[in-house]
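Asks:
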Amino acid sequence: MTRYIFFSGKGGVGKTTMASATAIHYALTGERTLIVTTDPASNLADVFEQEIGHKITPVKGVLKNLFAMEIDPDEATREYKEGIIGPYRTIMPEDIIASLEEQLSGPCTTEMASFDRFIDFMETDEYDVIVFDTAPTGHTIRLLELPVDWSRHIEEASKGSGQTCLGPVQSLQDSKDKYDRATALLKDTERTTFIFVMRPDKLSLYETLRASRELETIGIKPGEIIINGILPKEVCEMHSRR
Ligand SMILES: Nc1ncnc2c1ncn2[C@@H]1O[C@H](COP(=O)(O)OP(=O)(O)O)[C@@H](O)[C@H]1O
Ligand SMILES: [Mg+2]
């Protein structure tokens, strides 16, 4: 397996279950493992039966190598804004800071913030394996398209007005490099694996095919598919006899 493993698929198909099982497996084999969820309706805390939240938390029990985090979009937004505004706070007049804060209050900041947090994990070498338990498919794909969009947006704005909906271009130039690196990493099959989880039914198959085509349009090859919830033959026979 690769260092970064993404689990994607519709709600309720078993992403969190499969992602957690995978993370536990790597932790047990001695790899320092982090499981991160970007699903706002995360249930990682239920799976590991402990509080997790918006910070890297060691998973209790026998697994010394396992860490978990639930990305909170509001917290991520606050951190992201502070990261941009922070350096200007002491050197700029108050009204400029206020105007920056206002510029950074739109929905695009919120969207970007979770992704930014997410990329940070792809840039650290603190873990041998990072498992991403992502939000339902459409949302994930939107997130994955972001670095492509944003690096283009930043480039265009730097030639034109110098303004982006995320604040002045100068403060974002570093971000462009970061998003370019993230895109390259997501496309690199040596480093990143995408796993779709689905159920053995037509609708799920259709959804998985569509999602994997969408991924391919942004240059990402889906690696594996897990068909979850196949019942053993005896159970099916028992049901059909009823
Ligand atoms: N193979 C399985 N066998 C039994 N229960 C399962 C299996 N896979 C998932 N579940 C259960 O189905 C529910 C949804 O799974 P979950 O992993 O939370 O899905 P997702 O993260 O995709 O929304 C959970 O209650 C989980 O315990
Ligand atoms: Mg889940």
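In the numbering used here, the protein residues as written are 820 to 1061. Glycine is no exception: its CB is placed at the ideal position from the N, C-alpha and C atoms.
#1: Can you confirm whether the segment 821-834 touches the segment 1008-1020 when touching is taken to mean that 3 or more C-beta pairs between the two stretches lie within less than 8 Å?
#2: Just to check my reading of the structure: aspartate 935 and tyrosine 907 have Cβ atoms closer than 8 Å, yes? What is that Cβ distance to the nearest angstrom?
#3: Just list the residues that DSSP pairs isoleucine 949 with in beta bridges.
#4: Nearest to glycine 880 by CA position, among Glu868, Met888 and Glu930, is which residue?
#5: So what does DSSP say about glutamate 771, is it helix, strand or coil?
#6: Kindly indicate which residue of Ile1044, Glu894 and Leu919 has the alpha-carbon position closest to the one of serine 933.
#7: Tell me, please, which residues DSSP counts as bridged to alanine 887.
#8: With distances taken from CA atoms, which of Thr848, Ile875 and Glu889 is nearest threonine 953?
#9: Is there at least one non-hydrogen atom of ligand 1 closer than 6 Å to the beta-carbon of threonine 1036?
#10: Ligand 1 and threonine 835: does the residue's C-beta get closer than 6 Å to at least one heavy atom of that ligand?
#11: Using CA coordinates, which residue listed in Asp939, Leu863 and Val948 is at the minimum distance from leucine 847?
#12: Under a three-way DSSP split, which group does threonine 943 fall into?
#13: Report the option in Glu850, Thr856, Gly849 and Arg851 whose CA atom is closest to the CA atom of methionine 837.
#14: Rounded to a whole number of angstroms, what is the C-alpha to C-alpha distance between proline 1041 and isoleucine 854?
#15: Measuring only from the beta carbon, is glycine 831 closer than 6 Å to any heavy atom that is part of ligand 1?
#16: Have a look at Val967, Ile915 and Val866 and flag the residue whose alpha-carbon is nearest the alpha-carbon of leucine 1005.
#17: Based on the DSSP output, what are the partners of isoleucine 1014 in its beta bridges?
#18: Going by CA-CA distance only, name the one from Glu920, His1058, Ala887 and Thr909 that's closest to phenylalanine 1064.
#19: Here's a check: name, in chain order, each residue in its chain whose Cβ is nearer than 8 Å to the Cβ of threonine 909, leaving out the five neighbours to either side.
#20: Cβ-heavy atom distance between asparagine 1047 and ligand 2 below 6 Å?
#21: Helix, strand or coil for isoleucine 871 per DSSP?
#22: Relative to ligand 4, is the shortest distance from any of its heavy atoms to the C-beta of aspartate 858 smaller than 6 Å?
Replies: In short:
#1: Contact check between the segment 1008-1020 and the segment 821-834: three or more CB pairs, one atom from each, fall below 8 Å, which counts as touching.
#2: A Cβ-Cβ distance of about 18 Å is found for the pair aspartate 935 and tyrosine 907, leaving them out of contact under the 8 Å criterion.
#3: Answer is Tyr823 and Leu853.
#4: Checking every option, the nearest Cα to that of glycine 880 belongs to Glu868.
#5: In the structure as shown, the chain begins at 820 and stops at 1061. Residue 771 is therefore absent and cannot be evaluated.
#6: The candidate whose alpha carbon is nearest that of serine 933 is Glu894.
#7: Partner(s): Ile854 and Thr876.
#8: Minimum Cα distance to threonine 953 is reached at Glu889.
#9: Relative to the non-hydrogen atoms of ligand 1, the Cβ of threonine 1036 never comes closer than 6 Å to any of them.
#10: Under cutoff, so the answer is yes.
#11: Among Asp939, Leu863 and Val948, the Cα nearest to that of leucine 847 belongs to Val948.
#12: Three-state DSSP puts threonine 943 in coil, outside helix and strand.
#13: Thr856 is the residue among Glu850, Thr856, Gly849 and Arg851 whose C-alpha sits nearest the C-alpha of methionine 837.
#14: Counting only the Cα atoms, isoleucine 854 lies some 20 Å from proline 1041.
#15: Ligand 1 approaches glycine 831 closely enough that one of its heavy atoms is under 6 Å from the residue's Cβ.
#16: When only C-alpha atoms are compared, the closest one is Val967.
#17: According to DSSP, isoleucine 1014 bridges with Phe826 and Glu1043.
#18: As displayed, the chain neither begins before 820 nor continues past 1061, which places residue 1064 out of reach and without an answer.
#19: No residues qualify anywhere along the chain.
#20: No, Cβ of asparagine 1047 sits at least 6 Å from all heavy atoms of ligand 2.
#21: Coil.
#22: Summarising the ligand content, the structure contains ligand 1 and ligand 2 and does not contain ligand 4.
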